[in-house]
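Taking it in order: structure first as structure tokens, then the write-up.
Numbering (the numbering used here), first residue to last: 79 to 145.
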């Protein structure tokens, strides 16, 4: 997984020490991807939409374990 070298140890521990829900994971991954692209809100929204669409497609097809 992509790791930001500027990410604080405390933030990393918050993510590592608890199990995130699918929505929280989608937000986290969308933000990380947008940050790679110089964080523009448009990129964040596009990334989040893409992740949610893929997840919804997997649920509809019954392949929830392959997300």
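Beta carbons are placed, not taken as given, at the ideal position from N, Cα and C, and that holds for glycine.
Per DSSP, residue 114 is one residue of the alpha helix (DSSP H) stretching across 100-114. Short of 7 Å from the beta carbon of residue 100, and not among the five residues preceding or following it, lie these beta carbons of its own chain, in chain order: 133. A residue is called buried once 16 or more other Cβ atoms fall within 10 Å of its Cβ, and residue 129 is buried on that count.
When 102, 140, 111 are compared, the shortest CA-CA separation from residue 125 is found for 111.
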